[in-house]
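Residues in the sequence shown are numbered consecutively from 4, following our numbering. Ideal placement from N, C-alpha and C gives every residue a C-beta, glycine not left out. None of the values given here were measured: they were computed from a predicted structure. One structure is given here, and the rest of the page talks about it.
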Amino acid sequence: MIRILLVDDHALVRRGVRLILEQEPDLTVVGEAGDGAEAVEALRDLEVDLVVLDIAMPRMTGLQAAREITRRREPPRLLMLSMHDNEQYFFESLRVGASGYVLKSVADEDLVGAVRAAMRGEAFVYPGAMGSLARDYLDRLRRGESVPQTVLTEREDEVLKLIAEGRSSKDIARDLTISVKTVERHRANILAKLGMRDRTQLTRYAIRAGLIEP
């Protein structure tokens with residue numbers, strides 16, 4: 004029996020995904036979570052073979068949670084779930100350790116196949132995802148060759164997400180247990196790296212990067 008944790012901030016989506024998965028006799032959903040932070044916490048108590056993670060969620064995104072989960076001694080397999088047919092999300096999902104990327108619009112067609120592929124240790128490439136480029140990317144990873152890295156560090160991603168959600172520097176400092184001065188330094192570094200000037204531009208970038216939903 005393949006044990007699955009579902010992570011999505013919409014209960015209706017979780018219900019629909021559960022119905023798709025549990026039509027298969029060897030797939031069972033052993034837990035649900037409403038965001039990435041809840042998922043990381045749930046894995047302390049649950050025995051799970053596979054985690055299905057929504058890309059964009061409040062508090063901690065699926066991509067951020069995937070980074071945390073893959074640091075575990077024996078991490079479960081990961082699949083990313085998204086409503087966005089977005090190349091950047093797709094490649095970032097692979098980079099953080101996911102076995103594949105499934106579009107919500109065709110989950111009824113692709114999800115079970117993606118689960119099977121993940122449990123075989125294979126990558127699931129959804130139709131239309133620039134298949135040859137994706138395979139080349141994965142081959143380079145397997146050979147240990149260098150691949151393009153994201154522009155921002157993990158901490159900068161966390162700060163950017165909170166800025167884009169409209170949080171003040173004081174709130175961000177409290178949530179991340181850092182000083183306001185450190186938050187401001189991260190903000191300046193983010194603006195410099197991305198070549199941007201203000202919160203509006205940062206928010207647009209955060210949407211494209213899957214840190215927040217539009």
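Measure the alpha-carbon distance for V105 versus A121 and round it to whole angstroms.
-> Approximately 12 angstroms between the Cα atoms of the pair.
Return the first residue and the last residue of the beta strand (DSSP E) that V10 is part of.
-> Per DSSP, V10 belongs to the beta strand (DSSP E) from I5 to V10.
In the DSSP assignment, find the beta strand (DSSP E) that holds D57 and state where it starts and stops.
-> In this chain, the beta strand (DSSP E) harbouring D57 covers L53 to D57.
Contact check, A68 vs V43, beta carbons under 8 angstroms | Yes, Cβ-Cβ distance for A68 and V43 is below 8 angstroms.
For my contact list, D38 and L84 are in at a C-beta cut-off of 8 angstroms; report their separation, rounded to the angstrom.
-> Going by Cβ atoms, the distance from D38 to L84 rounds to 13 angstroms, so no, they are not a contact pair.
Starting from M83, follow its DSSP beta bridges and name the residues at the other end.
-> DSSP lists L56 and Y104 as the bridge partner or partners of M83.
State whether the stretch 19 to 30 contacts the stretch 107 to 124, with contact taken as three or more CB pairs (one from each stretch) at a distance under 8 angstroms.
-> Yes, since at least three Cβ pairs between the stretch 19 to 30 and the stretch 107 to 124 fall closer than 8 angstroms, the two stretches touch.
Pick out the complete alpha helix (DSSP H) segments inside the stretch 173 to 203, 4 residues or longer, and give them in chain order.
-> As for any alpha helix (DSSP H) of minimum length 4 sitting wholly inside the stretch 173 to 203, the runs are 183 to 197, ordered along the chain.
Sheet register partners of E35 (DSSP bridge) | Looking at the DSSP output, E35 shares a beta bridge with L9.
Cβ-based burial, T203 [other Cβ within 10 Å; buried from 16] | Sixteen is the threshold: since fewer than 16 other Cβ atoms of the shown chains lie within 10 Å of the Cβ of T203, the residue is exposed.
Are the stretch 186 to 197 and the stretch 59 to 77 touching, with three or more C-beta to C-beta distances below 8 angstroms?
-> Look at the beta carbons and you see the stretch 186 to 197 not touching the stretch 59 to 77: under three pairs across the two are nearer than 8 angstroms.
Which partner residues does F127 have in the DSSP bridge list?
-> DSSP links F127 through a beta bridge to G103.
Rounded separation between R70 and D29 - CA only = Between the alpha carbons of R70 and D29 lies a distance of about 27 angstroms.
Member of L165, T185 and H189 whose CA lies at the smallest distance from the CA of T206 = It is L165 whose Cα lies nearest to the Cα of T206.
Alpha carbon to alpha carbon, how far is D100 from A14?
-> The question names Asp, but residue 100 is Gly in the sequence shown. It is roughly 25 angstroms from the alpha-carbon of G100 to the alpha-carbon of A14.
Sequence-distant residues of the same chain with beta carbon closer than 8 angstroms to S135, five excluded per side | At S135, the pLDDT of 49 sits below 50, so the modelled position is not reliable; the number obtained from the coordinates is stated separately. Hits under 8 angstroms: none found.
Does the distance from the CB of G213 to the CB of E95 come in under 8 angstroms?
-> E95 is positioned such that its CB atom lies closer than 8 angstroms to that of G213.
Exposed or buried, what is T64 when buried is set at 16 or more other beta-carbons lying within 10 Å of its beta-carbon?
-> T64 comes out buried.
Near P2, what residues of its chain come up, given a Cβ to Cβ distance below 7 angstroms and the 5 sequence neighbours on each side ignored?
-> With the chain covering only 4 through 217, there is no way to say anything about residue 2.
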